[in-house]
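S.K.: Chains as they are written, first to last, in our numbering: chain A, 1 to 358; chain B, 359 to 716; chain C, 717 to 1104; chain D, 1105 to 1492.
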Amino acid sequence: MSAQGAEVRGAVVPGAGAARQGTLVGAASADGSPAGATRTMTYLQAITDALRVEMRRDERVLVLGEDVGAFGGAFKATEGLFDEFGADRVQDTPIAEAAIIGTSVGAALAGLRPVCEVQFADFVATGFDQLVNVAGKMHWRTGLAVPMVLRLPSGGGFAGGPFHSQNPEAWFMHAPGLKVLAPSTPADAKGLLAAAIRDHNPVCFLEHKHLYRRVKGEVPLGEHVEPFVARTVVAGDELTIVAYGAMLHLAVEAAARFEPGRVEVLDLRSLVPLDEDAILASVRRTGRVLIVDEANETCAAGAQVAALVADRAFSDLDGPVRRLAAPDVPIPFSPGLEEAVLPTADRIAEAARELLAY
Amino acid sequence: MSAQGAEVRGAVVPGAGAARQGTLVGAASADGSPAGATRTMTYLQAITDALRVEMRRDERVLVLGEDVGAFGGAFKATEGLFDEFGADRVQDTPIAEAAIIGTSVGAALAGLRPVCEVQFADFVATGFDQLVNVAGKMHWRTGLAVPMVLRLPSGGGFAGGPFHSQNPEAWFMHAPGLKVLAPSTPADAKGLLAAAIRDHNPVCFLEHKHLYRRVKGEVPLGEHVEPFVARTVVAGDELTIVAYGAMLHLAVEAAARFEPGRVEVLDLRSLVPLDEDAILASVRRTGRVLIVDEANETCAAGAQVAALVADRAFSDLDGPVRRLAAPDVPIPFSPGLEEAVLPTADRIAEAARELLAY
Amino acid sequence: MIGRAVLVEDPHPPTPDRAPDAASEHPPGAVPRTDDRPSTAPRLTLADREALLELMVGMRTFEERGVALYKQGRTPGSFYDGHGQEAIPVGAAFALGPDDVICSPLIRDMGAHLVRGTDLTEIIRHHLGRDNRLSRGREGNVHFGDPRKGVVGMVSMLPDMFVVAVGMAMAFRLRRERRVALTFFGEGATSPGAWHEAMNFAGLRKEPVVIVCENNGLAYSTPTSAQFAVPPAERAAAYGMPGVVVDGNDVEAVFAVTHAARERALRGDGPTLIEARTMRMHGHGSHDDARYVDPALLEAWRGRDPIATYEATLRGAGVDVDAVRARVLERLDAAVEAALATPLPDPAGATDGLWATDEPVPLGRGDAPWSGFAPAPPEPAAAPEAGR
Amino acid sequence: MIGRAVLVEDPHPPTPDRAPDAASEHPPGAVPRTDDRPSTAPRLTLADREALLELMVGMRTFEERGVALYKQGRTPGSFYDGHGQEAIPVGAAFALGPDDVICSPLIRDMGAHLVRGTDLTEIIRHHLGRDNRLSRGREGNVHFGDPRKGVVGMVSMLPDMFVVAVGMAMAFRLRRERRVALTFFGEGATSPGAWHEAMNFAGLRKEPVVIVCENNGLAYSTPTSAQFAVPPAERAAAYGMPGVVVDGNDVEAVFAVTHAARERALRGDGPTLIEARTMRMHGHGSHDDARYVDPALLEAWRGRDPIATYEATLRGAGVDVDAVRARVLERLDAAVEAALATPLPDPAGATDGLWATDEPVPLGRGDAPWSGFAPAPPEPAAAPEAGR
Ligand SMILES: Cc1ncc(C[n+]2csc(CCOP(=O)(O)OP(=O)(O)O)c2C)c(N)n1
Ligand SMILES: Cc1ncc(C[n+]2csc(CCOP(=O)(O)OP(=O)(O)O)c2C)c(N)n1
Ligand SMILES: [Mg+2]
Ligand SMILES: [Mg+2]
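1. Exposed or buried, glutamine 788 of chain C, counting other C-beta atoms within 10 Å across all chains shown (16 or more means buried)?
2. Return the residue from the list B/Pro693, B/Leu624 and B/Asn559 that minimises the CA-CA distance to methionine 605 of chain B.
3. Mind listing which residues of the stretch 495 to 513 of chain B have their C-beta closer than 8 angstroms to chain F's C-betas, in chain order?
4. Looking at the structure shown, is glutamate 652 of chain B part of a helix, part of a strand, or coil, going by DSSP?
5. With a threshold of 8 angstroms between beta-carbons, can threonine 461 of chain B be considered close to chain D, or not?
6. Could you spell out the range, first to last residue, of the alpha helix (DSSP H) harbouring asparagine 931 of chain C?
7. Would you call serine 1260 of chain D buried or exposed, if buried means 16 or more other Cβ atoms sit within 10 Å of its Cβ?
8. Skipping 5 residues on each side, what residues in its chain have a beta carbon closer than 7 angstroms to that of aspartate 546 of chain B?
9. With a Cβ-Cβ cutoff of 8 angstroms, do isoleucine 197 of chain A and arginine 89 of chain A count as a contact?
10. Going by C-alpha to C-alpha distance, which of C/Leu920, C/Leu1013 and C/Glu802 sits closest to glycine 986 of chain C?
11. Along the stretch 1260 to 1294 of chain D, what residues have a CB closer than 7 angstroms to any CB found in chain B?
12. Who's in the neighbourhood of ligand 2, going by beta-carbon under 7 angstroms from any heavy atom, listed in chain order?
13. Taking beta-carbon pairs under 9 angstroms, can you tell me which members of the stretch 108 to 123 of chain A lie near chain D?
14. What does the Cβ neighbour count give for serine 1329 of chain D, buried or exposed, with the cut at 16 atoms within 10 Å?
15. In angstroms with no decimal places, state the Cα-to-Cα distance between alanine 37 of chain A and glycine 73 of chain A.
16. In chain order, what residues of the same chain have a beta carbon less than 6 angstroms from the beta carbon of proline 754 of chain C, not counting five sequence neighbours either side?
17. Assuming serine 1260 of chain D is part of the beta strand (DSSP E), what are its boundary residues?
18. With 7 angstroms as the limit, tell me which residues of the stretch 1440 to 1465 of chain D have their beta carbon closer than that to any beta carbon of chain A; keep them in chain order.
19. Give me whichever residues DSSP pairs with threonine 1287 of chain D in a beta bridge.
20. Check whether the Cβ atoms of aspartate 1471 of chain D and glutamine 488 of chain B sit closer than 8 angstroms, and answer yes or no.
21. Please list, in chain order, the chain D residues whose beta carbon lies closer than 9 angstroms to that of histidine 558 of chain B.
22. Say whether chain D places a C-beta atom closer than 8 angstroms to the C-beta of alanine 30 of chain A.
23. The alpha helix (DSSP H) with glycine 1307 of chain D in it runs from where to where?
24. Count the other C-beta atoms from every protein chain shown that fall within 10 angstroms of the C-beta of histidine 1003 of chain C, then say buried if there are 16 or more, exposed otherwise.
25. When DSSP labels each residue in this structure, what does proline 227 of chain A get in the three-state scheme?
26. According to the neighbour-count rule (16 or more other Cβ atoms, all chains shown, within 10 Å of its Cβ), is proline 34 of chain A buried or exposed?
27. With 8 angstroms as the threshold, decide whether the Cβ of aspartate 67 of chain A is near any Cβ in chain C.
28. Step through the CB atoms of chain C and report whether any lies within less than 8 angstroms of the CB of aspartate 704 of chain B.
29. Below 8 angstroms, can you find three or more Cβ-Cβ pairs linking the stretch 665 to 679 of chain B to the stretch 298 to 308 of chain A?
30. Going along the chain, which residues of its own chain have a beta-carbon closer than 7 angstroms to the beta-carbon of proline 693 of chain B, five neighbours each way excluded?
31. If we count the other Cβ atoms within 10 Å of its Cβ and call it buried at 16 or more, is proline 1132 of chain D buried or exposed?
32. I'd like to know if glycine 380 of chain B contacts chain A, where contact means its C-beta is closer than 8 angstroms to some C-beta of that chain.
33. I'd like to know whether the C-beta atoms of lysine 567 of chain B and glycine 513 of chain B end up nearer to each other than 8 angstroms.
34. In chain B, which residues lie with their C-beta within 9 angstroms of the C-beta of valine 219 of chain A?
35. Just to confirm the assignment: which complete alpha helix (DSSP H) runs, minimum length 4, are found wholly within the stretch 234 to 266 of chain A?
Next up, the structure:
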């Protein structure tokens, strides 16, 4: 998979929407690293780097969650932050997701910028109410901004089983007032997380656990933010594969099995706001679309993309709007079962082949 | 609106899937009412009737929730049950949705058949974890059945504001292992609730508050169960309107503005399982589809229906897959604002007109 | 709305005779007992006391008008009132300084909004679904707060805003500010898990939060006997914080315990749970005739009406109670008239403002009418418009 | 797995010397104290005591092998063990009758599965992701339970299964059955809101539930000082139920307090919260080297190992401890061999069984090896296959 990661980095080709991409802040950054400098980082390191850079830059930023302090978090995403910023800004909390989210809302209302971690994204269900009813609805109801980020280590692929493999993003998409981001590369993980921290709204940040240590890439040093838009990762004319998070890498791998220029791969990166223009522009050009979700199929993000395309790109479609997603069962533990359930590059390629032949 | 209710009842026409409809249990029932006898009831009375009949029929059935006891519930859906069945089977609970749902799971595992009420569907977010992680995943993980029903008074249209108007069904649809029902008529409210109580799985039962007292209809007395399939309410050849719950009535009203036989209206009734055959059969025949959701648009039930149609009925489509739904904001309180946000018969008719002209 | 009271020597220490005969049993039925009058009671001038009365009368009068407007069909949705509980929001909020926040006044706490100085016309516009600065018609009934006055409005889910209040208090503590967050909720709201999580965070980290639990004996139709085994104040110890029972019908007692709790929080000693015992005198909302409540119980509590009692006391102390009522009524009439003349919000704007696009504006300072506070320093930056 | 012990007169009343010197401070650091030995202690025969030892050794030996299999890469996902905590699940489950249910054994409670008689080979198959009757490979590590033995497996979300246990207990109460539900969780699991809701329902309605909180000083890396202000047992009073602190490293003490709690529940007096104090001796899971734990603390607790201590006692009483160990090892070797020879589940079946289509089968009866239970009556209907 790190090979796939490399492939993705190597394959970034200008396409629809590309003009809107890239680093917004290019000047020398808070930690003095020269503009334009990069370093190879894992996806996980990029997340830590974003937290560190933003915490240095803005003293209102604080981190809270279970075991995120001296221990550095279950996945070590906050490693080193406690030493640098101390117990006030890197807070271990009791096991209480509603309070983690709810006190973050309060801290945000009082002028801080909390970044809270749910140890596994699956546990967000225990704090769901604070997220959807308090954080999500606040600004529209009252005009009060809730600048906070909820970091959600999500996704499967490593025998995590039914409670450590979920991709809950569609729940958030169906809750007005929450932004939803899902990076696939280290540079995006950093840039989107930094941008989320600077955003004035509650942002659900889906970090894919299976990418944490398996994907490496060049990441800009110092300040680096990415806009909440899609990115064309592979350019093509005959079929658009829409993906995000871990699925993006499989989509790129699948696309590479076809002649160059046939299959386009679009990395959504942001699910709310959804870059409808980029999706429609690509599909209108290729005329065929395959949408890949790691989440359970029904009412997933991909359903929304499919509905969008089926409405607004209908007249340009040369074939059915196809989806590939996890079937509607919990994610199984035993690796063979898990592989049977999660989309694979093989299955993506097969679906692509079918569509191209339509 | 009760006129619309009547219209719906009068307009039931055999169509795709109609063969699978109707009362499964037609024999004389537990309370001695003769087979085939009906009475005019409101949607709310039909719900109470289902509870009463099923509680008489099966002593394992019990009801629990906030104020459902002697008070009869915030909407009076459990009125009279406390007097008839006593405090053990009609239990007032503390304000604690997670415990209401979680103890229901436990009671179900121990052989009872709890029907629990969340006072307003919006509050389900506070018990979401027990629902999706404990109830929903149980059978697939362990083989243990969780026969329980979660009654969810849902929907807007009466100045309930952001916390008393929600339609959360898509969240449940995206959580494997939960059945999801959303009746639009009194007879279905009774028949689907009774069937839900007899089902061996956790069922989310979305009762639309705005229909409670505004829709009346003939309801079979005694035992009456309905299968979890869609029903063609108005037959037509040129356009299919897919709706459920309160929207069904608006769809029927809108369909009536066109020449008879042009617009078909399909009442989904069950969202999980989703009657894909009925949807596809209708759309393949009409070639055009408009999907109406009262819920917020993104990742709603309608998105799933749209995705389904765009994939599997693509070659039969004569126009884009259109949706009408609430935009992605909380539901406003002030009636003028609320009306601006919720779909109306006018807007449905307008969208239908556009599609027919496509 | 209430002028800053002149500092007059009129200590009015709480006397035992104002604490009614105690019964340790739990309401309904039991007459509450104030078991923890702070030893160093804060001073209330006669003007303060008049202000307290005026605020309670203001709440009562507003809510009576609200019920009428609701019954006339002018108020969409629902209407809730805190008839008989006025002493709690008024007494508690009166103990707050201008920089303190309330997060949030709940279903029976109209008086707290009045103490903070939220514009009455805006409140009525809000209730009527007219265009207004508090909610722009997006919210109704008790769901409002004026951020310009340091008040965050409630959400329905109980007691979510308590959790949020703990987070605000945490921010104050981290920034070493001398401010507290005060939160209100009913006794029924102690059952949801969110209450426990908030209590645990607050007690463990000694957050400067003042917790006012209004035990009015009922949660909708549910009596406390079906809600919990142990009254809220006794449960505070499980979180390492003091629990104080106060007579919720005694505005000065509520003021005194809240003042003490605030002082404690400002000292860094952490939260206090105040259980104010009272009785819900009306239905849960105006739609509820509360047939399930024993009339004898209501009758007993009617004799302890917080306004009637206080009025009698103040009349004895020389306050022109009729003038107070007249002032309140005049303001209310004017506000209702202005509100009724206000148009409904423009439907075209129904969906705007989902996202915050500008740098957030800090909460403003609330009115702090108690004479014990020094003359107010100048106002900081203004709070944002709702939904803009 | 453990034969039904012969009823021998060997009362073995708990003696004060087995309760270690007490310090009222909270672990880590403090040696726990048993402050509530039931006055009428249940009798343990020598065979019972040997069974207790065998069960604890069985858990330890299994988990050591489990760690090895995990480190060899044969176990997918993760592995968790309860090294040093064996006395708690074994002692508590040993007090249960065959009709009682456990909902659920948690992350440190392998011993409870062994007491109930769950097939060891099936458990290992489950851990290895092989086809098995407990989970069909859909679940791994600690997520299993054998419904045929009256055990419902856990979910990850803490402490959700406590809430479920309260619901099961409610069903028992409503049907006037003489059964209890026993639930396990760690001290960290007392912080989520679900814990409070479950405690409140259980205490208020006096459900026949036995609540075993394993306070091992840590929740992942978080010490109790960052988890709560007041230890769990002291918080029980807030829910109208007794809280009992017991030495979690003393299997007979755990047995005795659980027995008393069960009796209390069966009498209709409601739940008891048992706080068993112990120390987590390993990392949170096998992936965690627990560098954050003070080695001196671990060293101190190592001297109080529940198995070593008990072994010494039983050796003195004439038990052939080496034979116990040999029996355990033999069974384990056979089970591991059988498990490793088992194929992976057929991927074709990955999505089946989402829905229950047949009439639910009641939970089966668990083994109840304590001699205090009368000879077991015949088995009722079997419980369902996982996912079928
Ligand atoms: C989480 C949640 N569940 C249910 C409700 C519905 N509800 C609204 S008010 C109320 C009763 C509240 O009682 P209490 O907290 O005692 O306040 P009071 O009305 O007596 O002032 C209930 C159950 C809610 N608001 N929130
Ligand atoms: C609701 C929830 N949040 C977070 C987690 C992640 N988690 C798994 S175990 C654990 C620590 C549990 O500590 P404790 O309850 O003391 O049990 P112990 O591991 O010490 O036996 C955490 C935080 C979880 N399982 N559930
Ligand atoms: Mg109350
Ligand atoms: Mg622990």
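C-beta atoms are modelled at their ideal positions from N, C-alpha and C, and glycine is treated no differently.
M.R.: Judging by the given coordinates:
1. The residue you call residue 788 of chain C lines up with position 72 of the third sequence. Its Cβ having fewer than 16 others within 10 Å, glutamine 788 of chain C is exposed.
2. As a position in the second sequence, residue 605 of chain B is number 247, starting the count at 1. That would be B/Leu624, whose Cα lies nearest to the Cα of methionine 605 of chain B.
3. The structure shown contains no chain F; the protein chains it does contain are A, B, C and D.
4. Position 294 of the second sequence, counted from the start, is the residue given in the question as residue 652 of chain B. In this structure, glutamate 652 of chain B counts as strand in the three-state DSSP scheme.
5. Within the second sequence, the letter at position 103 stands for residue 461 of chain B. True, the Cβ-Cβ gap to chain D drops below 8 angstroms.
6. Your numbering for residue 931 of chain C matches position 215 in the third sequence. For asparagine 931 of chain C, there is no enclosing alpha helix (DSSP H); the enclosing beta strand (DSSP E) covers residues 925 to 931.
7. Within the fourth sequence, numbered from 1, the residue matching residue 1260 of chain D stands at position 156. Flag for serine 1260 of chain D reads buried.
8. Stepping through the second sequence from its first residue, residue 546 of chain B is reached at position 188. Cβ neighbours of aspartate 546 of chain B beyond the five flanking positions: Glu584 and Arg627.
9. Taking the first sequence and counting its residues from 1, one reaches residue 197 of chain A at position 197. Taking the first sequence and counting its residues from 1, one reaches residue 89 of chain A at position 89. Using a Cβ distance threshold of 8 angstroms, isoleucine 197 of chain A and arginine 89 of chain A do not count as a contacting pair.
10. Counted from its first residue, the third sequence places residue 986 of chain C at position 270. Selection C/Leu920, C/Leu1013 and C/Glu802 evaluated against glycine 986 of chain C yields C/Leu920 as nearest (Cα-Cα).
11. Met1261, Asp1264, Val1267, Val1268, Ala1269, Val1270, Gly1271, Met1272, Met1274, Ala1275, Phe1276 and Leu1278
12. A/Glu66, A/Asp67, A/Ile95, A/Glu97, A/Gln119, A/Phe120, A/Phe123, A/Thr126, D/Leu1210, D/Ile1211, D/Arg1212, D/Ser1260, D/Met1261, D/Leu1262, D/Phe1289, D/Gly1290, D/Glu1291, D/Gly1292, D/Ala1293, D/Pro1296, D/Glu1318, D/Asn1320, D/Leu1322, D/Ala1323, D/Tyr1324, D/Arg1384 and D/His1388
13. Gln119, Phe120, Asp122 and Phe123
14. Taking the first residue of the fourth sequence as position 1, residue 1329 of chain D is located at position 225. Per the 10 Å Cβ criterion, exposed.
15. The count along the first sequence starts at 1 and reaches residue 37 of chain A at position 37. The count along the first sequence starts at 1 and reaches residue 73 of chain A at position 73. Each residue's Cα considered, the two are about 28 angstroms apart.
16. The sequence position of residue 754 of chain C within the third sequence is 38, counting from 1. Annotation note: pLDDT 43 at proline 754 of chain C (below 50); position unreliable, coordinate value reported separately. Excluding positions up to five away in sequence, the list reads Ala972 and Ala976.
17. As a working mapping, residue 1260 of chain D is identified with position 156 in the fourth sequence. Per DSSP, serine 1260 of chain D belongs to no beta strand (DSSP E) and is neither H nor E.
18. Within the stretch 1440 to 1465 of chain D, the residues whose Cβ lies closer than 7 angstroms to some Cβ of chain A are Leu1448, Pro1449, Pro1451, Ala1454, Thr1455 and Leu1458, listed in chain order.
19. Counting from one through the fourth sequence, the residue named residue 1287 of chain D turns up at place 183. BP columns for threonine 1287 of chain D point to D/Ile1315.
20. The residue you call residue 1471 of chain D lines up with position 367 of the fourth sequence. The residue you call residue 488 of chain B lines up with position 130 of the second sequence. Cβ distance not < 8 angstroms, so aspartate 1471 of chain D and glutamine 488 of chain B don't count as in contact.
21. Locating residue 558 of chain B in the second sequence gives position 200, where the first residue counts as 1. Going along chain D in sequence order, the residues near histidine 558 of chain B (Cβ under 9 angstroms) are Trp1459, Ala1460, Thr1461, Asp1462, Glu1463 and Pro1464.
22. As a first step, residue 30 of chain A is located in the first sequence; it is residue number 30 there, counting from the start. For alanine 30 of chain A, the predicted model reports a pLDDT of 49, less than 50, meaning its position is unreliable; a value from the coordinates is still stated below. Under the 8 angstroms criterion on CB atoms, alanine 30 of chain A is classed as non-interfacial with respect to chain D.
23. Locating residue 1307 of chain D in the fourth sequence gives position 203, where the first residue counts as 1. Boundaries of the alpha helix (DSSP H) around glycine 1307 of chain D: 1297 to 1309.
24. By 1-based counting over the third sequence, the position of residue 1003 of chain C is 287. Histidine 1003 of chain C comes out exposed.
25. As a working mapping, residue 227 of chain A is identified with position 227 in the first sequence. Proline 227 of chain A: coil per DSSP, three-state reduction.
26. Here residue 34 of chain A is taken as the residue at index 34 of the first sequence, counted from 1. Its Cβ having fewer than 16 others within 10 Å, proline 34 of chain A is exposed.
27. For the purposes of this step, residue 67 of chain A is identified with residue 67 of the first sequence, where counting begins at 1. It does not: the Cβ of aspartate 67 of chain A has no partner Cβ on chain C nearer than 8 angstroms.
28. Walking along the second sequence from the start, residue 704 of chain B turns up at place 346. It does not: the Cβ of aspartate 704 of chain B has no partner Cβ on chain C nearer than 8 angstroms.
29. Three or more beta-carbon pairs separated by less than 8 angstroms link the stretch 665 to 679 of chain B to the stretch 298 to 308 of chain A, which places the two stretches in contact.
30. Mapped onto the second sequence, residue 693 of chain B falls at position 335. The answer, listed in chain order, is Ala517.
31. Here the question's residue 1132 of chain D lines up with position 28 in the fourth sequence. Confidence at proline 1132 of chain D is low in this model, with a pLDDT of 36, below 50, so its placement is unreliable and the value that follows should be read with caution. Within a 10 Å sphere around the beta-carbon of proline 1132 of chain D sit 16 or more other beta-carbons, which makes this residue buried.
32. Looking up residue 380 of chain B in the second sequence gives position 22. Confidence is the limiting factor: at glycine 380 of chain B the pLDDT is only 34, short of 50, which leaves the residue's position unreliable, though a coordinate-based value still follows. For glycine 380 of chain B, the answer is no, since every Cβ of chain A falls outside 8 angstroms of its Cβ.
33. To locate residue 567 of chain B, count along the second sequence from 1; it is residue 209. To locate residue 513 of chain B, count along the second sequence from 1; it is residue 155. Yes, Cβ-Cβ distance for lysine 567 of chain B and glycine 513 of chain B is below 8 angstroms.
34. Indexing the first sequence from 1 puts residue 219 of chain A at position 219. The contacting residues do not exist; valine 219 of chain A stays about 31 angstroms from chain B at best.
35. 246 to 255
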